[in-house]
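Reviewing the structure listed below.
Numbering (the numbering used here), first residue to last: 1058 to 1125.
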């Protein structure tokens, strides 16, 4: 069971690092205006922010599970 949790934890960590690196910096994203479609720059930023929050929660849960 612990091995499965470690593998899941490592996958979450790698995905979290990747999603964080894909995000724009604060200075680069402020000048973008336009529509609110899903794949526009703003929609993609919202999707990345949502993915970051979900992966961070998964990281927290797997970390707690591994500490028990």
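Yeah, the Cβ is synthetic: ideal placement off N, Cα and C, and Gly gets one too.
Keep in mind the model is a prediction, meaning the values are calculated, not measured.
Alpha-carbon spacing of residue i relative to residue j, whole angstroms
i, j, result
"residue 1060", "residue 1066", "10 Å"
"residue 1103", "residue 1062", "29 Å"
"residue 1082", "residue 1058", "38 Å"
"residue 1101", "residue 1108", "10 Å"
"residue 1118", "residue 1099", "29 Å"
8 Å Cβ cutoff met for residue i and residue j
i, j, result
"residue 1126", "residue 1080", "Given a span of 1058 to 1125 for the chain in the structure shown, any question on residue 1126 remains unanswerable."
"residue 1115", "residue 1077", "no"
With 16 other Cβ atoms within 10 Å as the buried cut-off, status of residue i
i, result
"residue 1064", "exposed"
Exercise. Count the C-beta pairs between the region 1117-1125 and the region 1072-1079 that are closer than 8 Å, then say yes if the count reaches three, no if not.
Key: no
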